[in-house]
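The numbering used here applies: residue 933 is where the sequence shown begins, and numbers increase by one. Don't be surprised by glycine CBs; every beta carbon is placed ideally from N, CA and C. Being a predicted model, the structure only gives us computed values, none of them experimental.
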Amino acid sequence: MIRPLDEAARAELPSLLPLWQAVEGRDAIRRRFRFADFSAAWGFMARIALLAERMDHHPEWSNVWNRVEILLTTHDAGGLSARDVAMAQAIDAIEPGRLG
933 MIRPLDEAAR
943 AELPSLLPLW
953 QAVEGRDAIR
963 RRFRFADFSA
973 AWGFMARIAL
983 LAERMDHHPE
993 WSNVWNRVEI
1003 LLTTHDAGGL
1013 SARDVAMAQA
1023 IDAIEPGRLG
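So, in structure tokens, the structure goes:
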């Protein structure tokens, strides 16, 4: 069984994932990305999709032209878990080409 993050782990989130924000009304984190164009955004999403398959942890996300928004939560845990932290860190490691 996957367990939600305990309070100590939650307290570490801002230092571990400084570019991710808590989602109001949900036990989830979100990050928004902006790229040069649709092709760059789509390529980034393709890399994340392959990563998600390897990690067996799939994000909620949306794409509008050069913008991608990724939301992470673990449904089986009823909220944030260590899987979300690991996924966010992996995403942060492969985000070249991002604008502002």
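In whole angstroms, what separates the C-alpha of residue i from that of residue j?
{"i": "ARG942", "j": "TRP974", "result": "31 Å"}
{"i": "GLY957", "j": "ARG963", "result": "16 Å"}
{"i": "ILE1026", "j": "SER971", "result": "16 Å"}
{"i": "VAL996", "j": "PHE965", "result": "11 Å"}
{"i": "LEU982", "j": "ILE1023", "result": "11 Å"}
To which residues of the same chain is residue i closer than 8 Å at the C-beta, ignoring the five residues directly before and after it?
{"i": "VAL1017", "result": "LEU937, ALA941, LEU945, LEU948 and LEU949"}
{"i": "TRP993", "result": "MET977, ILE980, VAL1000, GLU1001, ILE1002 and LEU1003"}
{"i": "ILE961", "result": "LEU945, LEU949, TRP952, GLN953, ALA954, VAL955, LEU1003, LEU1004, THR1005, LEU1012, ASP1016 and ALA1020"}
{"i": "ALA984", "result": "HIS990, PRO991 and MET1019"}
{"i": "GLY1010", "result": "PRO936 and ASP959"}
{"i": "MET987", "result": "ARG1015, ALA1018, MET1019 and ALA1022"}
For residue i, name the three-state secondary structure that DSSP assigns.
{"i": "PRO936", "result": "strand"}
{"i": "ALA954", "result": "strand"}
{"i": "ILE980", "result": "helix"}
{"i": "TRP993", "result": "strand"}
{"i": "LEU948", "result": "helix"}
{"i": "GLY1032", "result": "Residue placement at GLY1032 is poorly supported in this model, since its pLDDT is 49, which falls under 50; the coordinates still yield a value, given next. Note: GLY1032 maps to coil in three-state DSSP."}
{"i": "GLY975", "result": "helix"}
{"i": "ILE1026", "result": "coil"}
Among the residues of its own chain, which have a CB less than 6 Å from the CB of residue i, if the five just before and after it don't count?
{"i": "ASP1008", "result": "ILE934"}
Cutting at 7 Å between CB atoms, please list the residues of its own chain near residue i, excluding the five before and the five after it.
{"i": "GLU939", "result": "none"}
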